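Numbering (my numbering), first residue to last: 386 to 643. Ideal Cβ placement from N, Cα and C applies to all residues, glycine included. Predicted model, so just to flag it, every value in this text is computed and none were measured.
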């Protein structure tokens, strides 16, 4: 603990805990966005690498809860349905995680923020992307490669996946569980990848552990809200969260260039 205070400082740590709580609330409401909120919010306080390390364990814990909240049968059905997507995304995630120490921070942020901002804005302006169910195989492969590649570099693989499920017009409860399963397996892969990359190490592990309880508390609050909103409100909330996160990340990328 003393080492953590020396590395970060009590004021910065308190701000990060607040960001973790907010990220849990948002994830409980819309089923995703915890990594986006944490890396964009905490990145302003402790930098992208510490933010990436901090989000790893809270992401694993909250996704396990989300995946099994509706029961294990639905979770297993989701794994079977999206086995190609999951396989391709995880391999790409593990490979791209090794680029964290090479790529500049602004590029990591731009790779996530730009495409997601464009997707959310087009949806909110009334130009929806509809893929149908099941979507074309080439689309599934492309989204899996994008989600895995961006996820390994930045810890944020949710937006491409959410965009994909939203374009398939997936019902709210099914989408929430699908996201939990996909992100849960992805977060385990991310944990293993960054144990190997050195992002999650003796200095950063206590920071990630401290963020787990506040993230779970926030998620419990968010679940209560989610249970009370209908499909239309859920879709709008999802798109608004995507828009805000994309705008924040793209703004940070631009700031890193000047």
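May I ask you to report which of helix, strand or coil DSSP gives residue 554?
-> As a working mapping, residue 554 is identified with position 169 in the chain shown. In the three-state reduction of the DSSP assignment, residue 554 falls in the coil class.
In chain order, what residues of the same chain lie with their CB nearer than 8 Å to the CB of residue 453, ignoring the 5 residues before and after it?
-> Position 68 of the chain shown holds residue 453. Cβ contact annotation for residue 453 (same chain, cutoff 8 Å, sequence separation greater than five): 460, 565, in chain order.
Grab me the residues of residue 404's own chain with a C-beta within less than 8 Å of its C-beta, minus the 5 sequence neighbours each way, in chain order.
-> If you number the chain shown from 1, residue 404 lands on position 19. Closer than 8 Å at the Cβ level, and outside the excluded window around residue 404, lie 422, 423, 426, 427, 430.
DSSP three-state call for residue 511: helix, strand or coil?
-> Residue 511 sits at position 126 when you count from the first residue of the chain shown. Of the three classes helix, strand and coil, the one that applies to residue 511 here is coil, per DSSP.
Mark residue 451 as exposed unless 16 or more other C-beta atoms lie within 10 angstroms of its C-beta, in which case mark it buried.
-> On the chain shown, position 66 is the one that residue 451 refers to. Looking at its Cβ environment, which holds 16 or more other Cβ atoms inside 10 Å, residue 451 is buried.
Which same chain residues, not among the five before or five after residue 599, have their C-beta less than 6 Å away from its C-beta?
-> For this step, residue 599 is matched to residue 214 along the chain shown. So the list reads 402, 405, 406, once near-sequence residues are dropped.
Hey, how far is the Cα of residue 640 from the Cα of residue 492?
-> Locating residue 640 in the chain shown gives position 255, counting from the first residue. Locating residue 492 in the chain shown gives position 107, counting from the first residue. If you take the alpha carbons of residue 640 and residue 492, they lie about 11 Å apart.
Pairwise C-alpha distance: residue 504 and residue 548 | Within the chain shown, the letter at position 163 stands for residue 548. Within the chain shown, the letter at position 119 stands for residue 504. Using only the alpha carbons, I get a separation of about 7 Å.
Sequence-distant residues of the same chain with beta carbon closer than 7 Å to residue 584, five excluded per side | Numbered from its first residue, the chain shown carries residue 584 at position 199. Around residue 584, the same chain offers 434, 437, 438, 485 as residues with beta carbons nearer than 7 Å, after the five sequence neighbours per side are excluded.
Count the other CB atoms within 10 Å of the CB of residue 620; is the residue buried (16 or more) or exposed (fewer)?
-> Position 235 of the chain shown holds residue 620. Burial check for residue 620: the Cβ neighbour count within 10 Å reaches 16 or more, so the residue is buried.
Measure the CB-CB distance between residue 412 and residue 595 and report whether it falls below 8 Å.
-> For the purposes of this step, residue 412 is taken as the residue at position 27 of the chain shown. For the purposes of this step, residue 595 is taken as the residue at position 210 of the chain shown. Going by C-beta atoms, residue 412 is not nearer than 8 Å to residue 595.
How long is the line joining the alpha carbons of residue 591 and residue 537, rounded to whole angstroms?
-> Residue mapping note: residue 591 aligns to position 206 of the chain shown, counting from 1. Residue mapping note: residue 537 aligns to position 152 of the chain shown, counting from 1. If you take the alpha carbons of residue 591 and residue 537, they lie about 21 Å apart.
What's the C-alpha gap between residue 432 and residue 535?
-> Stepping through the chain shown from its first residue, residue 432 is reached at position 47. Stepping through the chain shown from its first residue, residue 535 is reached at position 150. For residue 432 and residue 535, the distance between alpha carbons rounds to 18 Å.
Through-space distance from residue 627 to residue 448, alpha-carbon basis = Residue mapping note: residue 448 aligns to position 63 of the chain shown, counting from 1. Residue mapping note: residue 627 aligns to position 242 of the chain shown, counting from 1. Rounded to the nearest angstrom, the two C-alpha atoms are 18 Å apart.
Boundaries (first-last residue) of the alpha helix (DSSP H) holding residue 632 = On the chain shown, residue 632 is found 247 positions in, with the first residue counted as 1. Element bounds for residue 632: 616–642.
Residue range of the alpha helix (DSSP H) that includes residue 408 = Counting from 1 along the chain shown, the entry for residue 408 is found at position 23. Bounds of the alpha helix (DSSP H) holding residue 408 are 395–415.
Return the residue from the list 455, 441, 446 that minimises the CA-CA distance to residue 612.
-> Sequence index remark: in the chain shown, residue 612 carries index 227 (1-based). Answer by Cα proximity: 455.
Completely contained alpha helix (DSSP H) runs for the segment 525–605, where each covers 4 or more residues | Scanning the segment 525–605 for uninterrupted alpha helix (DSSP H) segments of 4 residues or longer gives 543–552, 557–582, listed from N- to C-terminal end.
State the Cα-Cα distance for the pair residue 464 and residue 567, rounded to the nearest angstrom.
-> As a working mapping, residue 464 is identified with position 79 in the chain shown. As a working mapping, residue 567 is identified with position 182 in the chain shown. Rounded to whole angstroms, residue 464 to residue 567 spans 8 Å at the Cα level.
Reduced DSSP category for residue 456 - H, G, I as helix; E, B as strand; rest coil = Taking the first residue of the chain shown as 1, we reach residue 456 at position 71. DSSP places residue 456 in coil when its eight states are reduced to three.
Check whether residue 440 and residue 414 have beta carbons under 8 Å apart | As a first step, residue 440 is located in the chain shown; it is residue number 55 there, counting from the start. As a first step, residue 414 is located in the chain shown; it is residue number 29 there, counting from the start. Their beta carbons are not under 8 Å apart, which means residue 440 does not touch residue 414 by this criterion.
Out of 497, 574, 507, point me to the one whose CA is closest to residue 709's CA.
-> The shown model of the chain, from 386 to 643, leaves out residue 709, and the question about it has no answer.
Exposed or buried, what is residue 569 when buried is set at 16 or more other beta-carbons lying within 10 Å of its beta-carbon?
-> Looking up residue 569 in the chain shown gives position 184. By the neighbour-count rule (16 or more Cβ atoms within 10 Å), residue 569 is buried.
Residue 616: buried (16+ other C-beta within 10 angstroms of its C-beta) or exposed?
-> The sequence position of residue 616 within the chain shown is 231, counting from 1. Residue 616 sits exposed, since fewer than 16 C-beta atoms from the chains shown fall within 10 Å of its C-beta.
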